[in-house]
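J.: Have a look at this one before I ask anything.
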Amino acid sequence: MSGSDLPLEVNLPLDMELVRLVTSFTENGALALGLGGSEALKLTLAAEEVYAYLARLAEPGTSFTLRLHGGGYCVRAEFRCPWKRMELRYFNLTTEFDPNDESSLDQLGLVLAARAVDRLFLQEYDGSRLSLNLVKEKTYPPPAPTATPTPPPLASWRLVEAGPDQLKELAHLLAAAYPRQQYPSAFLVPGKLVDMVAGGEYHAALATGERGQLGGAFLWRTAGGATVRSYGPYLFGQPAGSPMAAQLVEACLARVGKSDALNLLCRYPTAELPPDYFEYLGELDYGWPDGSHTPWPHYYRQLREDPGMSAWCHPDLEPFLRQAYDRLFLPRDIHLTAYEGEHRDEYSVLAAHMDHSQGHVTLTPMVDGRDVPANLDLHVQLMLREQTPNIYVALDLGRTWHAHLMPVLLERGFEPRLLLPCAGKADELIFQYRGKAI
Amino acid sequence: MSSLAVSGRQPDLTRLVPAYVKSFEAYVPSKPDPELMRTYRVDHLYRLNNNENPLGPSPRARTVIAGFPPPRASLYPSGDAYYLRLRLAERFGLDPEQFLVGNGANEVITFAIKAFCESGDNIVTADKTFAVYEWVATFSGFEARLAPLKDFGFDDEGLLSLIDGRTKIVFICNPNNPTGTWWDEARLRRFLDCLDGRQIVVVDEAYCEFAEDPAFPDGLKLLKEYPNLVVFRTFSKMFALAGLRIGYLAGSLEVVEVMRRTCVVYSVNTLAQEAALATMEDADAHVAATRELVRREKAYLARELTGLGLAVQAGEGCFVMARLPMSDTLAYRRLMAQGIMIRSMTGFRFPNWIRISIGLHPAMEAFVQGLKKIL
């Protein structure tokens, strides 16, 4: 989210006496930033639980900041405080609360908070400072069923900034012209797509004819960090090989080429993606509910000259990694590392980024712990129960402890498939679950 | 990994950092050559990325550099490059007070913007040109309005259409880096006449000494007629003192007097000032030798690139652009793996183009062979 407006902010000490101030601020702020009453209430509930949890366990006088960021289609509540003792394991998707266990009463609120919002993630956690983020999205009416005719080929077109009406038309055209694997499900909800672009997190270059007819689109998402994620290009009624696709990509590159991003990643490519502009990273298998699989290709291009970097790797995966780096012509120093009995905390945390409508989930290790194998098993079992056929794990090769998890993944039927350069602190390695019994 | 205890409170950067700085991309310079060679596992590196003069400094400048007495490093330099300004004035027939010398052209760009822009003002330049005008304006909190190039050149109509009452400076890169296109004197005069003194017009002539076309204008000669004109020049390119960081601007007495208020004194070191002075003693011979090299190698490069079926853009200047059928950043990595360093152009808003600086013939040959391998 990169809403251009300054966030709403309140600073106060962590003190249970002030919990009503937090709830009042959250609810009113969320409403002011565009959430509906129901969503604002859920965010408020989550904020209350997190604040209460922090206040119960904080040392007296601990400072606390709550910021509300408007994102157009959502509101992000950011909790910032110095913290060492927070039991983050309760943010695992698989956490179950035992009502008979009084010792876990303190944690119940965190479980409720995690379930009341759409996304939860840590922005920073270095052992002393915490930035915990709760994201609640607006609720939109489902797209009205409309018969959207495919536009005729455009003899001439111009590239324009996306307006609300054109974005709504885009949502309808996408549903009619492209399979669901080639765009995020949110793009099908016209009002949401409009808000996503208006909020500044998503951007769209459109090609329109003389009378404003929509001929094509390329979208991208800038959420800070090193990677810009792109979608498309989508062409409607244009002949194969139309230069419109390259022009749309160039319009995006003109915007992001001078940003602080390092990469333009395309995980939702179409057949119209101009190959000269992108590098082929590889592919995942995309599993459909009927058990069939189709390839899921990934492309990217760097936006800057690659300075080289280091990658941490378990010895078991060194051959794979070297081969991948050679194929991609990426200069990397591979450092081998393995867990060798050093102290680890007891509990791990895995963040789950889910897209139910598309049937895939990506797990990202957030906190290391001795229970990683069991935690991973629980997550896989949950996903399988929920009939999510595509389970991936993303490891950041810039973090040594992520490399320590590689053999755990291999033992549990995960296969290394894809390198995403500079997608994290360093490159990310994506593993795909291959269905081995656990 | 354990972290050291921090005794003070962390600064609230969200509040402290201005929005225009938050949204701004920090310039990340290339790593030093030894680091790049280690990273890319090569034992040599042809630097064809920074438009450096492969002949190096002129003989007179080399003598000064080699003979610089170490004890003088303990003394402050002339704070305003006194002798160098005298020499520049003598060479170009201007008043010494019409010159400001800075720590490279980048610094004199900041002099101009700091002197004339305040909150709500804007600058106007092209979208695909030397990036520092846009950078300095943006990170200083001023809007940079960008007119698209037309046929690879600065579009006077486009520039004029962006100018309003809050436009303080128009930056024109002549010849343009990276396209090599340029305005002749008549076109420059027309543009200056249109503005009629309402804005400062900066003409960046960093590469003017490479221009061989007799119609190429000399901005310094126009200063008497156009008091709103400011000309930037540098000793980094033709005169090969890039490592010493020294450049200058020239303008009318009144305009330069204003800019002097914002300039950083003592920012140009003694060795740079003295090497620049020396290079003016044998400048003509050095320019002639460099031009001959650039002319010859540019022709060779254009011929080879065209032969490979690539689109080529070359004008005045010591560089050539080529459009590749692949990502320019991929080409950068694959050429680096062969010890050849070019400039990828996505950051210039020329995706899939690369810019090749003119080097000595072995470097040019190595580049052509390297390029053939990756196409």
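Listed in order, the protein sequences are those of chains L and H.
Every letter in the first sequence is one number past the one before it in my numbering, and letter 331, counting from 1, is 331.
To convert, count from 1 in the second sequence and add 438; that's my numbering.
Just so you know, even glycine gets a beta-carbon here, dropped at the ideal spot from N, CA and C.
1) Within the same chain, show all residues whose beta-carbon is closer than 8 angstroms to that of Glu-9 of chain L, passing over the 5 residues directly before and after it, in chain order.
2) With distance defined between alpha-carbon atoms, name the residue in H:Thr-708, H:Thr-784, H:Ile-792 and H:Ala-713 nearest to Pro-497 of chain H.
3) Take Gly-558 of chain H and list the residues in its own chain whose beta-carbon comes closer than 8 angstroms to its own, dropping the five residues that flank it on each side.
4) Along the stretch 755-768 of chain H, what residues have a CB closer than 7 angstroms to any CB found in chain L?
5) Let me check one thing: in DSSP terms, what residues is Leu-429 of chain L bridge-paired to?
6) If you drop the 5 nearest sequence neighbours on each side, which residues of the same chain put their C-beta closer than 8 angstroms to that of Gly-241 of chain L?
7) Starting from His-69 of chain L, follow the beta strand (DSSP E) in both directions and report where the run begins and ends.
8) Give every residue of the same chain whose Cβ lies closer than 6 angstroms to the Cβ of Leu-809 of chain H, excluding the five residues on either side of it in the sequence, and list them in chain order.
9) Can you pull out the residues from the stretch 774-793 of chain H whose beta carbon lies closer than 7 angstroms to at least one beta carbon of chain L?
10) Does the beta-carbon of Arg-636 of chain H have 16 or more other beta-carbons within 10 angstroms, so that it is buried, or is it exposed?
11) For a contact defined as C-beta to C-beta under 7 angstroms, what are the partners of Ala-254 of chain L on chain H?
12) For Glu-719 of chain H, which of helix, strand or coil comes out of DSSP?
13) Use the C-beta contact count for Trp-288 of chain L: other C-beta atoms within 10 angstroms, 16 or more gives buried, fewer gives exposed.
14) Do Asn-541 of chain H and Arg-683 of chain H have their beta-carbon atoms positioned less than 8 angstroms apart in this structure?
15) In chain H, what lies closer than 9 angstroms to Arg-76 of chain L by C-beta?
16) For Thr-477 of chain H, which residues in chain L fall below 9 angstroms Cβ to Cβ?
17) Taking a cut of 9 angstroms between CB atoms, which residues from the stretch 581-595 of chain H lie near chain L?
18) Could you give the distance in angstroms between the alpha-carbon of Leu-658 of chain H and the alpha-carbon of Thr-744 of chain H?
19) For the beta strand (DSSP E) that Glu-161 of chain L lies in, which residues bound it at each end?
20) Going by DSSP in three states, Gln-637 of chain H sits in which element: helix, strand or coil?
21) In the DSSP assignment, find the unbroken alpha helix (DSSP H) run with Ala-543 of chain H in it and report its ends.
22) Please list the residues of the stretch 274-307 of chain L that have a C-beta atom closer than 8 angstroms to any C-beta atom in chain H, keeping them in chain order.
23) According to DSSP, Ala-749 of chain H sits in a beta bridge with which residue or residues?
24) Can you find the residues in the same chain that come closer than 7 angstroms, C-beta to C-beta, to Leu-35 of chain L, ignoring five residues on each side of it along the sequence?
25) List, in chain order, every chain H residue whose beta-carbon is nearer than 8 angstroms to that of Glu-250 of chain L.
26) What in chain L is Cβ-close to Lys-469 of chain H, meaning under 8 angstroms?
27) State the start and end residues of the unbroken beta strand (DSSP E) segment that holds Ala-77 of chain L.
28) What does DSSP give as the partner residues of Arg-486 of chain L in its beta bridges?
29) Measure the C-alpha to C-alpha separation of Arg-412 of chain L and Arg-267 of chain L and round it to an integer number of angstroms.
30) Excluding the five sequence neighbours on either side, which residues of its own chain have a C-beta within less than 7 angstroms of the C-beta of Leu-538 of chain H, listed in chain order?
31) Spell out a yes or no on whether the stretch 314-327 of chain L and the stretch 236-254 of chain L are touching, meaning 3 or more CB-CB pairs, one atom from each, closer than 8 angstroms.
32) Using beta-carbon positions only, say whether Thr-337 of chain L and Thr-400 of chain L come within less than 8 angstroms of one another.
33) Assuming contact is defined by CB atoms lying nearer than 8 angstroms, are Thr-717 of chain H and Ala-543 of chain H in contact in what I supplied?
34) Which term fits Tyr-53 of chain L, buried or exposed, when burial requires 16 or more other beta carbons within 10 angstroms of its beta carbon?
35) Between Leu-679 of chain H and the rest of its own chain, which residues show a CB-CB distance below 8 angstroms, the 5 nearest in sequence each way excluded?
T.: Looking at the coordinates:
1) Take Glu-9 of chain L, set aside five residues on each side of it, and the residues of its chain with a beta-carbon closer than 8 angstroms to its own are Thr-65, Leu-66, Arg-67 and Leu-68, in chain order.
2) H:Ala-713
3) Arg-604
4) Pro-763, Met-764, Ser-765, Thr-767 and Leu-768
5) L:Leu-395 and L:Leu-419
6) none
7) 63-70
8) Residues of the same chain with their beta carbon placed closer than 6 angstroms to that of Leu-809 of chain H are lacking, with the five preceding and five following residues left out of the count.
9) If the cut-off is 7 angstroms between Cβ atoms, the stretch 774-793 of chain H has Ala-775, Ser-782, Thr-784, Gly-785, Arg-787, Pro-789 and Asn-790 near chain L.
10) When all chains shown are included, Arg-636 of chain H counts as exposed.
11) Arg-787
12) coil
13) That one is exposed.
14) Yes, they are a contact pair.
15) Residues of chain H passing the Cβ test: none, with the nearest at roughly 13 angstroms.
16) Asp-306, Pro-307, Gly-308, Met-309, Pro-331, Arg-332 and Asp-333
17) So the list is empty, because no residue satisfies the distance condition.
18) 36 angstroms
19) 158-161
20) DSSP places Gln-637 of chain H in coil when its eight states are reduced to three.
21) 543-554
22) Asp-276, Tyr-277, Phe-278, Glu-279, Arg-301, Gln-302, Leu-303, Arg-304, Glu-305, Asp-306 and Pro-307
23) H:Arg-761
24) Leu-43, Val-75, Lys-136 and Lys-138
25) Against chain H, a Cβ distance below 8 angstroms from Glu-250 of chain L picks out Pro-789.
26) Pro-307 and Gly-308
27) 74-82
28) Summary: the structure shown does not reach residue 486 of chain L, with chain L confined to residues 1 through 438, and so no result is reported for it.
29) 25 angstroms
30) Val-546, Phe-549, Tyr-686, Leu-687, Val-694, Met-697, Arg-698 and Cys-701
31) In short, these stretches do not touch, since the Cβ pair count stays below three.
32) Yes, Cβ-Cβ distance for Thr-337 of chain L and Thr-400 of chain L is below 8 angstroms.
33) no
34) Burial call: buried.
35) Same-chain partners within the cutoff: Pro-495, Ala-499, Phe-673, Ala-710, Ala-713, Ala-714 and Thr-717.
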